[in-house]
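In numbering that gives the first Met the number 0, the protein residues as written are 0 to 153. Beta carbons: idealized from backbone N, C-alpha and C, even for Gly. Remarks on the structure that follows.
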Amino acid sequence: MVEPKDSSPITKGKIDEAITALKDLKPKERDSLSDREAVRKMRRYIEKLTSDKYGYSYDEVSEMLKGLGINLSGSRIKYLLGELKKSSRRHQKAEPSDNKNPSSNPASENQPTVKASSEAAQTSVKSKKGKSKSQQPAVEEQSAQSNLESELNR
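This is how it looks when you write it as structure tokens:
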């Protein structure tokens, strides 16, 4: 059976009011969490109990949790803690790499690298027979850089 439609028009004001109401909604509280989320919330306490100071095993922690209705094996707890540690290490490594941005170092911008003539002459490549040959492109690169340097110094 089809319900009758409300014939009142939807105004822009009603839409703006509805958007505001939708934005203000908070996330619903969930009654249950995944294994990963539960271990993440208990991580600090589990790590404390399994430290050398307290000396509990993961299986003993598992038994304590079973008494509270949380059925996780010791090996599952250990695995999930390892996964949490891995993911936190990835986040820590990703953040400092932003500081290594070469464009943030003004001293390195627009300064050509110049090889000394002796350094360019020593650059060599071994042929198939094991003999060294001087690299012609390295010498050309050195002379091009010398020309560029002399133009910049003018």
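Residue nearest to residue i in terms of C-alpha spacing, selected from the options
| i | options | result |
| --- | --- | --- |
| S61 | L71, V38, K11, R88 | L71 |
| D58 | L83, K27, D51, S74 | S74 |
| S33 | S56, I69, E46 | I69 |
Residue environment, residue i, which counts as buried when at least 16 other CB atoms sit within 10 Å
| i | result |
| --- | --- |
| V76 | The question names Val, yet the displayed sequence has Ile at residue 76. With 16 or more other Cβ atoms within 10 Å, it is buried. |
| T49 | buried |
| I14 | exposed |
Reduced DSSP secondary structure (H/G/I, E/B, other) of residue i
| i | result |
| --- | --- |
| E46 | helix |
| K27 | coil |
| Y55 | coil |
| S102 | Low per-residue confidence applies at S102: pLDDT is 49, beneath 50, and the placement is therefore not dependable, though the value from the model is reported in the following sentence. Helix. |
| S86 | helix |
| S6 | coil |
| S61 | helix |
| I14 | helix |
| L79 | helix |
| L32 | coil |
| L21 | helix |
Integer-rounded CB distance, given that residue j should sit under 8 angstroms from residue i
| i | j | result |
| --- | --- | --- |
| R42 | L80 | 6 angstroms |
For residue j and residue i, the rounded distance between their alpha carbons
| i | j | result |
| --- | --- | --- |
| L64 | T19 | 42 angstroms |
| R39 | D23 | 28 angstroms |
| P8 | S86 | 51 angstroms |
| E94 | E82 | 19 angstroms |
| D156 | L21 | Because the chain here runs from 0 to 153, residue 156 falls outside it and cannot be looked at. |
| Y78 | E36 | 13 angstroms |
| K47 | G12 | 55 angstroms |
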